[in-house]
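Structure first, then comments.
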Amino acid sequence: MMMGALRHPARFLRDHRLTRTRASAYLDGELGPEEQARVEAHTHVCPPCARFVAEVRRTVAALGALRVPARPLAGVGDRVIDRLREEPGRRRDR
Amino acid sequence: MSEQQPSSADDGALVARAAAGDRLAFEALVRRHADRLYGVVLRLVGDRHEAEEVTQEAFLRAWRGIDSFKGDSRFFAWLYRIGVNEANRRTAGRRAPVASLDEQFVDPADTRPQPDLRLEQDDLRRALEHAVKGLRPEQRAPLVLRDIEGLSTAEAAAILELGEAVFKSRLHRARLRVRDAVRDYLPEDPGR
Chain B
1490 MMMGALRHPA RFLRDHRLTR TRASAYLDGE LGPEEQARVE AHTHVCPPCA RFVAEVRRTV
1550 AALGALRVPA RPLAGVGDRV IDRLREEPGR RRDR
Chain V
921 MSEQQPSSAD DGALVARAAA GDRLAFEALV RRHADRLYGV VLRLVGDRHE AEEVTQEAFL
981 RAWRGIDSFK GDSRFFAWLY RIGVNEANRR TAGRRAPVAS LDEQFVDPAD TRPQPDLRLE
1041 QDDLRRALEH AVKGLRPEQR APLVLRDIEG LSTAEAAAIL ELGEAVFKSR LHRARLRVRD
1101 AVRDYLPEDP GR
């Protein structure tokens, strides 16, 4: 990390900022190839950024697990349908 | 509750029939999407009763307006947009949902026997739910649609009627806030 920062401090800081502000787009595969490569390379020479990206990645993965449904949802569809049946038929209702 | 999104091709035939006035076809769409829409709306409004009202209202509006559905997006994305707009209308000015979601989201598939691991997972889940609930609405909605519901950036941004750049910026800020709140509960990264 330090060698890279000392040799090219301006580039290191640019890529550090890029990684911090674009980590989500990087993880979502939404960066262009040049920025993707810069973030990738930076995380190899900057342990704090490597940890940062890893934490965001694990956070996103954990959020995906919240999608599992809850049992109290049962019956919502039936109640919606009951309400719909109180609606007057639409013009071409069969 | 379906765990997978039905394909837009599956919906297409039902939508066409519903648009022609076939109420039974629309009821099939309700059965297919109601639980999932309710789940999204619940995360946005934070109250089960209100979430059900919003869900009902969204379907009623969809039924009344299905003639205007152009088919240029998936049906559930169009439906989500109606639901999100209704949720936003009701929560305008509120800072955060009013009720705890913790007890409402149970993972029935999680049957792992290790109590310590289960405890850690429960802690993480509670921390995540709390963190999501505490987000500002304009950050919460992108995160719910993209990271919890698993929609694409383009689809979620369209539902929220946001440009993709704005959407991505809000999503990133939301993820960082959640990460700050749950980092102590995150599992170790085996790759690091």
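Chains as they are written, first to last, in the working numbering: chain B, 1490 to 1583; chain V, 921 to 1112.
Ideal placement from N, C-alpha and C gives every residue a C-beta, glycine not left out.
9 Å Cβ cutoff, residue i in contact with chain B
i, result
"A933/V", "no"
"Y958/V", "yes"
"L1044/V", "yes"
"P1107/V", "yes"
"I1068/V", "yes"
"H1050/V", "no"
"V950/V", "yes"
"D955/V", "yes"
"F1025/V", "With a pLDDT of 43 at F1025/V, under the threshold of 50, the modelled position of that residue is not reliable, and no figure is offered here."
"K990/V", "no"
"H1092/V", "yes"
"W998/V", "no"
"R1010/V", "no"
"V1086/V", "no"
"F979/V", "yes"
"E970/V", "no"
"E1058/V", "no"
"L1055/V", "no"
"V1102/V", "yes"
Where the alpha helix (DSSP H) containing residue i begins and where it ends
i, result
"L999/V", "995 to 1011"
"E1519/B", "Looking at the DSSP string, E1519/B is not in any alpha helix (DSSP H), and its letter there is neither H nor E."
"F979/V", "968 to 985"
"V1064/V", "Careful: V1064/V lies outside any alpha helix (DSSP H) and carries neither H nor E."
"E947/V", "943 to 965"
"K1088/V", "1084 to 1102"
"D1567/B", "1565 to 1575"
"A1078/V", "1073 to 1079"
Whole-Å CB distance - residue i paired with residue j, under 8 Å assumed
i, j, result
"P1057/V", "R1090/V", "No, P1057/V and R1090/V are not in contact; Cβ-Cβ is about 10 Å, not under 8 Å."
"L1552/B", "L1048/V", "6 Å"
"I1079/V", "R1556/B", "So it is not a contact: roughly 16 Å between Cβ atoms."
"Q1041/V", "R1097/V", "21 Å between Cβ atoms; not a contact."
"F1541/B", "A1512/B", "7 Å"
"I1570/B", "E973/V", "Wrong, their Cβ atoms sit about 15 Å apart, outside the cutoff."
"A945/V", "F989/V", "Between F989/V and A945/V the Cβ distance is about 13 Å, and since that is not below 8 Å, they are no contact."
Minimum Cβ-Cβ distance from residue i to chain V less than 9 Å
i, result
"L1555/B", "yes"
"D1517/B", "yes"
"R1572/B", "yes"
"R1527/B", "no"
"E1524/B", "no"
"A1530/B", "no"
"T1508/B", "no"
"G1566/B", "yes"
"V1534/B", "no"
"A1551/B", "yes"
"R1547/B", "yes"
"F1500/B", "The sequence as given places Arg at residue 1500/B; Phe does not occur at that position. Not an interface residue."
"R1503/B", "no"
"R1496/B", "no"
C-beta contact flag for residue i and residue j at 9 Å
i, j, result
"R1572/B", "F979/V", "yes"
"R1099/V", "T1548/B", "yes"
"P949/V", "F995/V", "Reading off the sequence, residue 949/V comes out as Leu, not Pro. In this structure, F995/V lies closer than 9 Å to L949/V by Cβ."
"R963/V", "V1086/V", "no"
"V960/V", "V1004/V", "yes"
"R951/V", "G1564/B", "no"
"A1007/V", "H1050/V", "no"
"R937/V", "E1576/B", "no"
"L1055/V", "A997/V", "no"
"H1531/B", "H1497/B", "no"
"T975/V", "Y958/V", "yes"
"I1002/V", "R981/V", "yes"
"E1544/B", "R1093/V", "no"
"E1108/V", "S993/V", "no"
"G991/V", "G941/V", "no"
"V1534/B", "F1501/B", "yes"
"K1088/V", "E1519/B", "yes"
"V1052/V", "R1010/V", "no"
"E1084/V", "T1073/V", "yes"
task = With a floor of 4 residues, list each alpha helix (DSSP H) that falls wholly inside the region 1523 to 1559 of chain B, ordered by position along the chain.
result = 1536 to 1553
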